[in-house]
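Numbering (the numbering used here), first residue to last: 762 to 1373.
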């Protein structure tokens, strides 16, 4: 399939052998060499296309950048700036750290433009900095210094060639298979649009990463250093920069979100890079290197031999290059009714599942098969929890059972209830278990002695969760959440506008996430003023899980979709079509590397991040 080069074409898809678009009649091959396979991104200023360079042997991938003209841009001025930008990019030389400019194409008739001005780049394969952050978590100070030692010489080289990138962000920094960093997306629009952006308020760049002066239509080398400073904050905290800036205080508050301390010198340097005034920032990338490594000599990027371009698979192009992503690597079947609960063993090597078929099944993740089936309950199993080498289950048969799951033996049966078990929550360190009955009575057990410690009633309670960080118990009661200590209510959070469908407490007890029928998702900070961050997912969730690393959380919906969110982001960073029916349970492995989902279709799927 070849896509039409005309961005306004109504039917852009054409057969591989086509020369002209069947819908609009425009040529499909640019310069008898470049064709388009996929639209990677489209915005108001232009679009990015994945193409094939037929002029190489074997054929290779390329990137086409098309620039949309605005009414405030004069054609002659545009041509001069566009050509100047391409010429400056070419002066970077044939270096593998930057994409090579392959061609520059301008319209023949400016009064009637169908194919916009187009710049063709070599495509550099690699894993983006954002992908590495999602996979590995926050950077330590040592790791951040190593990153800056690699990337700052490249920024200095760009500035030495009279260029300002103006869109540095984690998506435009790639770590290549050759084990070096590359800077990509030198979009011509970043230069040509400065004519259109002379009016204050026009955004050049990527939102929060953009230096304040760029909003006023001005760019300096220091603008790139500001963007790099924002990137550093995200690397240290693994939190989106929007949540690291306090609008109320009009300042960056990133230190409040550090998971490990950093040196005063590095903190002061980052504050300098983020200064509002350009003159208050370091004057060059080399100046930052001099502060980071005061005894080192000026760093110049070492020449790296260029690797031959990767030949594409023309017939079936799904991904432009093999990049890590979340994918399903195993599907388990065995239950005969819908699955009600999932729980990973503490070592992460086994997964327990419970279902309405009254069985518990243990799955060996290394061998990728069912390890054991536990039978004994005479009703739907409503909850699971691991406690040391024991597995705990609660059921509609009014019982709580303890299992030596590795041997497949039941070791105890706790039966005080006069109604079915609706949910359970275990404090692993103290060995206490709380159970919620359909009669809304909560019973707290000592698992070691198997004796009841205390009971209390919570009107309207339908969900129960234990806070591992402080031995508190949280209950969803209709449309609000209440925290209990020793059976006494100590905190009630403001109400949702609808009944709560699910909620989860973070591993350290510092925040809580809830989803309700009002289609809002709320992230509650439990260590501060309890003011929630409110999100409105496009597809409302019914199930939630927080990664033990606390770097992301997962949501499942009634359509079978699995969405993954980073804390602080407004939208999920990935949504996967996981199941053919409603997701009933989600669990995340202790190392946060594997996600398990279960659905009404009676299947369990395992997901991980990597190259499929």
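Glycine included, every Cβ here is placed at the ideal spot set by N, Cα and C.
Its chain contains 1340, 1341, 1342 as the residues whose beta carbon lies nearer than 7 angstroms to that of residue 1362, once the 5 sequence neighbours on both sides are disregarded; these appear in chain order. Straight through space, the alpha carbons of residue 819 and residue 813 are spaced by roughly 11 angstroms. By the Cβ test, the segment 887-899 is not in contact with the segment 791-811, since fewer than three Cβ pairs between them sit closer than 8 angstroms. Taking the Cα of residue 828 as reference, the smallest distance to any Cα among 1143, 790, 875 is reached at 875.
Here residue 899 really is in contact with residue 1020; their C-beta atoms are around 5 angstroms apart, less than 8 angstroms. Between residue 1115 and residue 1097, the C-beta spacing is not below 9 angstroms. Per DSSP, the continuous beta strand (DSSP E) segment holding residue 1263 begins and ends at 1261-1266.
Secondary structure at residue 767: coil, using DSSP grouped into helix, strand and coil.
Residue environment for residue 1290: exposed (fewer than 16 other C-beta atoms within 10 angstroms of its C-beta). Secondary structure within the segment 781-837: the beta strand (DSSP E) runs of 3 or more consecutive residues, fully enclosed, are 795-803, 807-814, 821-828 (chain order). With 16 or more neighbouring CB atoms inside 10 Å of its own CB, residue 995 falls in the buried class. Relative to the Cα of residue 767, the nearest Cα in the group 914, 845, 791, 862 belongs to 791. Distances from the CA of residue 997 to each of 1027, 1301, 987, 1322 were compared; the closest alpha carbon is that of 1027. Residue burial annotation: residue 985 is buried, with at least 16 other C-beta atoms found within 10 angstroms of its C-beta.
With 16 or more other CB atoms across the displayed protein chains lying within 10 angstroms of its CB, residue 1366 is buried. Residue 999 counts as buried, since no fewer than 16 other beta carbons sit within 10 angstroms of its beta carbon. Within the model, the alpha-carbon separation for residue 1113 versus residue 938 is close to 37 angstroms. Here the segment 1235-1248 does not lie against the segment 1296-1305, with fewer than 3 beta-carbon pairs under 8 angstroms apart.
Here DSSP, grouped into helix, strand and coil, assigns residue 1131 to strand. Between the segment 1206-1213 and the segment 1246-1254, the count of Cβ pairs shorter than 8 angstroms is below three; the stretches do not touch. Looking at the backbone, the Cα of residue 885 and that of residue 1036 are separated by about 32 angstroms. Annotation: residue 1222 to residue 1104 spans about 22 angstroms, alpha carbon to alpha carbon. Apart from sequence neighbours up to five positions away, the residues of its chain that approach residue 1319 with a beta-carbon distance below 7 angstroms are 1303, 1343, ordered along the chain. As the crow flies, the alpha-carbon of residue 864 is around 47 angstroms from that of residue 1358. The shortest CA-to-CA distance from residue 1232 to any of 976, 1267, 849, 918 is the one to 1267. In the structure shown, the three-state DSSP call for residue 1246 is strand.
Under DSSP, residue 1233 forms a beta bridge with 1228.
Ranked by Cα distance from residue 924, the first of 869, 881, 867, 847 is 847.
Under the DSSP definition of a beta bridge, residue 1116 partners with 1100.
For residue 1315, the enclosing beta strand (DSSP E) begins and ends at 1313-1318.
Sorting 1220, 1208, 980, 1218 by C-alpha distance to the C-alpha of residue 1162 places 1208 at the top.
Note on residue 1183: 16 or more other CB atoms within 10 angstroms of its CB, so buried under the neighbour-count rule. Boundaries of the beta strand (DSSP E) harbouring residue 1272: 1272-1277, taken from the DSSP string. For residue 984, the enclosing alpha helix (DSSP H) begins and ends at 982-998. Residue 1143 is a Cβ neighbour of residue 1157, given a cutoff of 9 angstroms. Secondary structure at residue 1294: strand, using DSSP grouped into helix, strand and coil.
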